[in-house]
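Peer 1: I have a structure here, written as structure tokens, and I will follow up with some questions on it.
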Amino acid sequence: MKISEHFTLEELSFSEAAARLGLDNTPIPIVITHLGLVATVMERIRTLLGDRPIIVHSGYRSAAVNHAVGGVTTSAHCRGLACDFVCSAFGTPAEVALAILKSDIEYDQLILEYGWVHVGLAQDGLLSRREALTKRSPGAAYESGIRA
Ligand SMILES: [Zn+2]
């Protein structure tokens, strides 16, 4: 089901880990609403990146899936408020993250991770922190800023 011009509910709630481990990752209604907000921001990012295709690695993660992938329990992914993605037709994850950093696109957290970019949105009623971080490996601490 399309939730914006270029993004579907299925791709924003698909989990490779859920499929592999047989875990339920069906979004509840509030999560579907949140994924709609994510899709709106992702459309803006897609336009920013020259209308090039975006590959979503991870969007919504149920608590069980998040636990299985070792995600932090406060992860915006669990509320359907985050998207991990690449846009290799535009550039490396670092180049994508820097382009978003320089734009006026509103996000709560922008994280350059090891192999993809994470964009997280604020919960309803909370102001976006517009925080930019870099995480170089699964066990590494978050560094401030986008560090290519
Ligand atoms: Zn993420």
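Numbering of the sequence shown is given in my numbering, commencing with residue 24 and proceeding in unit increments. Every residue gets a Cβ at the ideal spot worked out from N, C-alpha and C, and that includes glycine.
1. Measuring alpha carbon to alpha carbon, tell me which of S85, G138, P76, T56 ends up nearest C160.
2. Between the stretch 74-92 and the stretch 149-159, do three or more beta carbon pairs fall short of 8 Å?
3. For E8 versus Q132, is the C-beta distance shorter than 7 Å?
4. Taking the DSSP output, what are the residues bridged to S111?
5. Nearest to H100 by alpha carbon, out of A40, E34, G82?
6. Let's see if you can read the secondary structure: which residues bound the alpha helix (DSSP H) around T63?
7. Counting only the same chain and skipping the five closest in sequence on each side, list residues whose C-beta sits under 6 Å from that of L44.
8. Which residues share a DSSP beta bridge with Q132?
9. Mind checking who C106 pairs with in its DSSP beta bridge?
Peer 2: Quick look at the numbers:
1. What sits at residue 160 in the sequence shown is Ser, not Cys. The residue with the shortest Cα to Cα distance from S160 is G138.
2. Counting Cβ pairs under 8 Å, fewer than three are found: no touch.
3. In the structure as shown, the chain begins at 24 and stops at 171. Residue 8 is therefore absent and cannot be evaluated.
4. DSSP, once it has assigned bridges, lists no residue as partnering S111.
5. With respect to the C-alpha of H100, the residue from A40, E34, G82 having the closest C-alpha is G82.
6. T63 -> alpha helix (DSSP H) spans 52-71.
7. If we look at L44 and ignore the five residues flanking it on each side, its Cβ neighbours are A91.
8. Q132 is bridged to G143, E154.
9. Answer is V142.
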